[in-house]
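In this note's numbering, the protein residues as written are 29 to 407. Below: one structure, written as structure tokens.
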Amino acid sequence: MQNRTTPVVMQIIPELGSGGAEQGCIDIADELVKAGAHAIVVSHGGFRLHDLARTGATHIDLPVHSKNPMTMWRNTHRIRRIIREHNVDIVHVRSRAPAWSALKACEHTKAHFMTTCHNPYNFHNNAKKFYNSAMIKGERVIAISNYVAQYMHEHYGLDEGTMRLIPRGIPMDRFHPSLVTSERLVKLTREWRIPEGKNIVMLPGRLTRWKGHHDFIEALSFLKRKDTFGLIIGSDQGRSEYRTELEEFIKEKGLESSVRMVDHCSDLPAAYMLATVVVSASKNPEGFGRIAVEAQAMGRPIIATNHGGSMETILHGETGWLVPPSNPRRLAQAIEEALSLTPEQRAVLATHAMHHVAQNFTKDLMASRTLDVYAELLR
């Protein structure tokens, strides 16, 4: 049992994987522990458990990833038991299925219920819309971008007095060019067999169709440059058929020797430092778009599709380029423009981009604003 003077915040997320919601959950747990609070994370596990353990937070394994109605009902009772056993003050949920369980679990307890909306939750019928609506039922609802906030307000009636806009943030003690050693660069260069003297055009992100890999490959085929090497970084997360499809498309475009696909990278700062240009070619709007912010923090030219969160994180023509989605020709033109920058122009862009991120999208800012929301509820 916790001392009742110690705030207890329990975050709930389906699994601790590679996504931005998972990273945000770990970051907030870390800040809570540093602030002297007791941080609990409930999830179904995942390969990021060791990162959470380093924060000093408590992890409790529950099947909160499940959308099975019976499992969700059982989770209600499990979560309520945790609330009472640990004297939980705030339950902060980051996904829809566990949100329904946690909302009911908080009834008849002292715990406050809140959520973070990480995406525009689309719907095709009223049943799906109702399922999504769990995310707006918090006493406070954090939206990670104006795009998400506006979408949730227009389609789900999210009350502006309840909503708090808190953009995601990245750790500046990890994403800074000066912190990447030459040894880390050499290690990745050897692992990925990157040819010397090439301009590296990089698309990081998990292998899923809406991330725009086909558009990226086709754009590279339009360049007709022999000094360019395309690098696709990301795990297929079991989508082996999609990986095979991309490999076949690369062959179809005659790019076998100039485009390479590599698996998930645990050292993204070093990967960004290898890049001449970073691309985010998402076909669907990103709720935020972490890659665009990370690339700017590393002083790299970023090209992203002009919808969703990217429109809020990239200053077009100053820190990067915004291009129409599903338009490989325009994407190729932007890549060509980025590759044509002089060293002086690259230095100016890098300075502006790094300053932009430091002022608006840091982990410290995100954590401070989130803890302020917790304080609101506790008052």
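Beta carbons: idealized from backbone N, C-alpha and C, even for Gly.
Paired residues, beta bridge with residue i - DSSP
i      : result
Ala171 : Cys145, Leu193
His120 : Gln39, Met142
Glu314 : Gly336
Leu231 : Ile260
Ser308 : Ala332
Ile198 : Thr390
Closest Cα partner of residue i within the set the options
i      : options                        : result
Lys311 : His241, Gln361, Leu302         : His241
Met180 : Met326, Phe158, Ala381         : Phe158
Pro205 : Asn96, Ala325, Asn334, Arg168  : Ala325
Ser71  : Ala49, Leu367, Gly64, Arg271   : Ala49
Ser268 : Phe257, Arg237, Asp295         : Arg237
Val307 : Pro232, Ile118, Asp117         : Pro232
Phe203 : Asp400, Leu405, Ala395, Lys391 : Lys391
His380 : Asp255, His120, Arg407, Arg328 : Arg328
Arg226 : Asn154, Ser285, Ser210         : Note that residue 226 is Lys in the sequence shown, not Arg. The residue with the shortest Cα to Cα distance from Lys226 is Ser285.
Phe389 : Thr272, Val321, Leu359         : Val321
Gly52  : Phe244, Arg76, Ala65, Pro35    : Arg76
Asp255 : Ala247, Leu274, Ile228         : Ile228
Ala295 : Val36, Ser46, Pro35, Lys252    : Reading the sequence as shown, one finds Asp at residue 295 and not Ala. Nearest C-alpha to Asp295: Ser46.
Gly64  : Leu90, Val36, Ile88            : Val36
Arg124 : Phe151, Asp117, Ile118         : Phe151
Ile88  : Trp101, Gly74, Glu365          : Gly74
Lys252 : Met382, Val287, His383, Ile107 : Val287
Gln373 : Val385, Gln361, Gly345, Glu135 : Gly345
Glu167 : Asn154, Val119, Met98, Glu273  : Val119
Cut-off 7 angstroms between Cβ atoms - residues of its own chain near residue i, not counting five sequence neighbours on either side
i      : result
Arg397 : Ile194
Ala57  : Gln39, Ala67, Val69, Leu80, Thr83, Ala85
Met301 : Pro205, Val208, Leu213, Met326
Ala127 : Val121, Thr143, Ala162, Met163
Phe277 : His242, Ile245
Ile358 : A small correction: the amino acid at residue 358 is Arg; Ile does not occupy that position in the sequence shown. Only Val351, Pro352 meet the Cβ criterion.
Ile493 : Residue 493 is absent from the model: the chain starts at 29 and stops at 407.
Span of the alpha helix (DSSP H) around residue i
i      : result
Ile260 : No alpha helix (DSSP H) holds Ile260; the beta strand (DSSP E) holding it covers 256–261.
Val61  : 48–62
His114 : Per DSSP, His114 belongs to no alpha helix (DSSP H) and is neither H nor E.
Val401 : 391–406
Ile363 : 356–367
Ser71  : Taken as a continuous stretch (DSSP letters only), Ser71 belongs to no alpha helix (DSSP H), being part of the beta strand (DSSP E) at 66–71.
His242 : 241–251
Asn154 : 154–160
Trp238 : No alpha helix (DSSP H) contains Trp238, which DSSP labels as neither H nor E.
Met301 : 296–302
His136 : Run containing His136: none; DSSP gives neither H nor E here.
Lys215 : 210–220
Arg82  : 77–83
Proximal residues to residue i (C-beta, below 6 angstroms), its chain only, five neighbours per side dropped
i      : result
Thr137 : Ile111
Gln387 : none
His93  : Pro42, Glu43, His72
Tyr149 : Asn160
Lys165 : Leu131
Ala403 : none
Chain B within 8 angstroms of residue i, Cβ atoms only
i     : result
Ile54 : Absent from the structure: chain B. Only one protein chain is present.
Boundaries (first-last residue) of the beta strand (DSSP E) holding residue i
i      : result
Asp89  : 86–89
Trp349 : 348–351
His344 : Element bounds for His344: n/a, residue is neither H nor E.
Asn388 : Segment 371–388 is the alpha helix (DSSP H) holding Asn388; no beta strand (DSSP E) there.
Met289 : 287–290
Ser268 : From DSSP, Ser268 is part of no beta strand (DSSP E) but of the alpha helix (DSSP H) over 268–280.
Cut-off 8 angstroms between Cβ atoms - residues of its own chain near residue i, not counting five sequence neighbours on either side
i      : result
Met29  : No answer about Met29 holds up, because its pLDDT of 39 lies below 50 and its placement is not dependable.
Asp55  : Gly197, Pro199, Lys391, Met394, Ala395
Asn147 : Val176, Gly315
Thr33  : none
Tyr270 : Leu235, Thr236, Arg237, Asp264
Gly282 : Ser249
Asn416 : In this structure the chain extends from 29 to 407, so residue 416 is not present and cannot be described.
Thr217 : Leu302
Whole-angstrom C-beta distance between residue j and residue i, which should lie under 8 angstroms
i      : j      : result
Ile172 : Gly315 : 6 angstroms
Tyr184 : Ser161 : 6 angstroms
Ala323 : Leu213 : That belief does not hold up - the Cβ atoms of Ala323 and Leu213 are roughly 16 angstroms apart, past 8 angstroms.
Met191 : Val169 : 5 angstroms
Glu59  : Leu399 : 6 angstroms
Ser129 : Asn103 : 4 angstroms
Val290 : Ile261 : 5 angstroms
Asp117 : Ala139 : 6 angstroms
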